Amino acid sequence: MKDESLSGHQDLIEYPSNCREILAQLSSGQLLMVNSRRRNGLIIYKRFHAEFAGPGAAVGSFFDVDCQRVIPVGDLSLVHPETQEERQKAYLIRRQWIRLTQQFTDNPVPLQRAQMILNQFENYFSQDTIAQLPDEAFALLVGVLPQTIRMLRRDPEGSQRQSKP
């Protein structure tokens, strides 16, 4: 872990990929924020689902004391929000990320939910970054089986044809 200064007032915490350290920080109740100046995020596994916290989102605190596993997405960087305003904004952004995922899960068709979450990540992250993420992570984000994600990743065109009535 490397500490630096961001804008002279926030501590920047960079994670090469030490998931245990991130998990320990989140489980401790410490409030952190995904760096809003990078294309990065954190998939946070809960008991029966997963949540994505993207740039600007609060992580840790009361949100994630029950987290069981984490997967950094992109070049993860977490910062400590310094002011009440920064903390409040981070909470609101976390809620927005949750609502975005909720919109996908509102779709009753599993194949379409899976396609929507993959499209969302493909629009924001590089193919290399997405390829490193397990099918299970995407599946837990939108409530589908990992096989559904795997099928779409192998043959997106064929799967889309099958899902149309």
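Taken in order, the sequence shown gives residues 675 to 839; the numbers are from my numbering.
For every residue, glycine included, the Cβ atom is placed at its ideal position computed from N, Cα and C.
Owing to the predicted nature of the structure, the values given are computational and were not obtained by experimental measurement.
| query | result |
| --- | --- |
| Ordered along the chain, which non-local residues of its own chain (more than five positions away) have a Cβ less than 6 angstroms from that of arginine 828? | none |
| Count Cβ pairs between the region 718–734 and the region 811–823 that sit closer than 8 angstroms; are there 3 or more? | yes |
| Rounded to whole angstroms, how far is the Cβ of isoleucine 718 from the Cβ of aspartate 749, which I believe are closer than 8 angstroms? | Incorrect: roughly 18 angstroms between the Cβ atoms, too far for contact. |
| Contact between the region 726–745 and the region 698–710 is defined here as three or more beta-carbon pairs at a separation below 8 angstroms; is this criterion met? | yes |
| Is valine 747 closer than 9 angstroms to phenylalanine 778 when the C-beta atoms are compared? | no |
| For leucine 807, does the three-state DSSP call read helix, strand or coil? | coil |
| Assuming valine 733 and leucine 706 make a contact with CB atoms under 8 angstroms, what is their CB distance in whole Å? | 5 angstroms |
| Please name the residue, chosen from Leu826, Gly730, Gly715, that lies closest to glutamine 786 on a Cα-to-Cα basis. | Leu826 |
| Work out the CA separation of arginine 769 and arginine 712 for me, nearest whole Å. | 19 angstroms |
| Just tell me which of Ile696, Asn692, Ile767 has its CA closest to the CA of alanine 727. | Ile767 |
| Output the residue ranges of the beta strand (DSSP E) runs that lie fully inside the region 694–774 and measure 3 residues or longer, sorted by chain position. | 705–708, 714–719, 724–727, 732–734, 743–748, 751–753 |
| Nearest-angstrom Cα distance between tryptophan 771 and valine 708? | 12 angstroms |
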